[in-house]
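Participant: Taken in order, these protein sequences are the chains called L and W.
Counting from 1, position 50 in the first sequence corresponds to residue 50 in full-length UniProt numbering; the numbering is continuous, with no gaps.
Counting from 1, position 111 in the second sequence corresponds to residue 111 in full-length UniProt numbering; the numbering is continuous, with no gaps.
Note that the Cβ used here is the ideal one computed from N, Cα and C, for glycine as well.
The structure displayed is predicted, hence computed values, not measured ones.
There are 2 protein chains.
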Amino acid sequence: MDIIISNSSDTPIFKQIEDAIYEAICNDDLKENEMLPSVRALANDLKISFLTVKRAYDELEASGFIKTIPGKGSFVAPKNLDLIKEEKLKQIQDLLEQVYQISKVSNISTKEVQELFQIIFEENE
Amino acid sequence: MDIIISNSSDTPIFKQIEDAIYEAICNDDLKENEMLPSVRALANDLKISFLTVKRAYDELEASGFIKTIPGKGSFVAPKNLDLIKEEKLKQIQDLLEQVYQISKVSNISTKEVQELFQIIFEENE
DNA sequence: TCCACTGTTATATTTACTATATAACAGTTA
DNA sequence: TAACTGTTATATAGTAAATATAACAGTGGA
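(1) Taking C-beta pairs closer than 7 Å, name the residues in chain L that glutamine 16 of chain W reaches, listed in chain order.
(2) Does any CB atom of chain L fall closer than 8 Å to the CB of residue 127 of chain W?
(3) Are the C-beta atoms of tyrosine 100 of chain W and some chain L residue less than 8 Å apart?
(4) From which residue to which residue does the alpha helix (DSSP H) around lysine 85 of chain L run?
(5) Fully enclosed by the UniProt domain "HTH gntR-type" (11 to 79) of chain W, which beta strand (DSSP E) runs are 3 residues long or longer?
(6) Under 8 Å between C-beta atoms, does glutamate 61 of chain L make it to chain W?
(7) Among L:Glu61, L:Leu81, L:Tyr57, L:Asp10, which residue has its Cα nearest to the Cα of arginine 40 of chain L?
(8) State the start and end residues of the unbroken alpha helix (DSSP H) segment that holds isoleucine 119 of chain W.
(9) Quick check: the Cα distance between aspartate 29 of chain W and serine 63 of chain L, rounded to an integer number of angstroms?
(10) Quick one: which chain W residues come within Cβ less than 8 Å of asparagine 27 of chain L?
(11) Return no unless some Cβ of chain L is closer than 8 Å to the Cβ of valine 76 of chain W.
(12) Indicate whether lysine 85 of chain L and serine 106 of chain W have their beta-carbon atoms separated by less than 8 Å.
(13) If we cut at 8 Å on Cβ distances, does lysine 85 of chain L have a partner in chain W?
(14) Please identify the residue among W:Phe121, W:Ile13, W:Leu116, W:Ser38 whose C-alpha is closest to the C-alpha of valine 76 of chain W.
(15) Does the count of Cβ pairs from the segment 89 to 101 of chain W and the segment 111 to 123 of chain L closer than 8 Å reach three?
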């Protein structure tokens, strides 16, 4: 698992770690029940304090994505992919609703929004 | 002009003020060349420091939405409709970037997102 | 000119958050 | 027992947000 963190970022380090692991779990780069690096090991790799890693793990556990067992380690929680996907679709729907509201209030045509959509989704392929 | 701020919010107070005034300008609740409340007056209303209000006004001036004249006050800048539209397009772009990120992380196809897009933009016509 | 308003600037302080270092404690397993 | 695991407590440093206070300067009416 390769995590890249930036201390010049406006996102806190613990959050960057949290996001990276969350993404890895969603992409199945981290499988169910797979053990995560120990807080100290990952802290060493990233040259940061183990407390910062622990903070990230704590957040992930609170969200239900990993399970930590004292003395053993932290493990990817059994996941419900359908549930995650449903939740994600809902998030996307909410964001698109916001887009619609802004475009409507500001007289920005559907066509213009669609063009932005195309650009963003194509340039990242 | 009624601005509601929350000190329990994760958004800084100066940013909440900034956003509220920005929205008021975009919605034409604040007209061109209209005088804004003085930093001290608004600070009194909101029971906060005038420095926090000044911070918000400074940001708005830097963005070109208001114009401050020492000794006189702060005024809504002559509206640059292009500027506002650019801002709105930027907001939409940011939201679409979020949509893209979520779809990418969650392995949701562009096609699925496009379908959601169609539904939302069509059902409101 | 005086006064009451306007914005500006400088300094110091408080609070919260992020991140760190260090040490000690406890569970797991070979 | 040794070497891992996670946990907890304490103290410290840096930063950002917000505050309080005071002094300074421009505007405009009485």
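Facilitator: On the basis of the data shown:
(1) Walking along the second sequence from the start, residue 16 of chain W turns up at place 16. None at all; the shortest Cβ gap to chain L is about 18 Å.
(2) Because chain W is modelled from 1 through 125, residue 127 of chain W falls outside the range shown and cannot be assessed.
(3) Locating residue 100 of chain W in the second sequence gives position 100, where the first residue counts as 1. Output row for tyrosine 100 of chain W: interface = yes.
(4) Indexing the first sequence from 1 puts residue 85 of chain L at position 85. That run of the alpha helix (DSSP H) goes 81 to 105.
(5) 66 to 69, 73 to 76
(6) Taking the first residue of the first sequence as position 1, residue 61 of chain L is located at position 61. Output row for glutamate 61 of chain L: interface = no.
(7) The sequence position of residue 40 of chain L within the first sequence is 40, counting from 1. Here the closest residue by C-alpha is L:Tyr57.
(8) In the second sequence, residue 119 of chain W corresponds to position 119, counting from 1. Taken as a continuous stretch (DSSP letters only), the alpha helix (DSSP H) holding isoleucine 119 of chain W covers 110 to 123.
(9) Position 29 of the second sequence, counted from the start, is the residue given in the question as residue 29 of chain W. Position 63 of the first sequence, counted from the start, is the residue given in the question as residue 63 of chain L. Their Cα atoms are separated by approximately 41 Å.
(10) The sequence position of residue 27 of chain L within the first sequence is 27, counting from 1. Ordered by position in chain W, the residues that pass the 8 Å Cβ test against asparagine 27 of chain L are Val105, Asn107.
(11) The residue labelled residue 76 of chain W in the question sits at position 76 within the second sequence. Not closer than 8 Å to any Cβ of chain L, the Cβ of valine 76 of chain W fails to qualify, so no.
(12) Stepping through the first sequence from its first residue, residue 85 of chain L is reached at position 85. Stepping through the second sequence from its first residue, residue 106 of chain W is reached at position 106. Going by C-beta atoms, lysine 85 of chain L is nearer than 8 Å to serine 106 of chain W.
(13) In the first sequence, counting from the first residue as 1, residue 85 of chain L sits at position 85. So, interface residue.
(14) Walking along the second sequence from the start, residue 76 of chain W turns up at place 76. The shortest C-alpha separation from valine 76 of chain W is found at W:Ser38.
(15) yes
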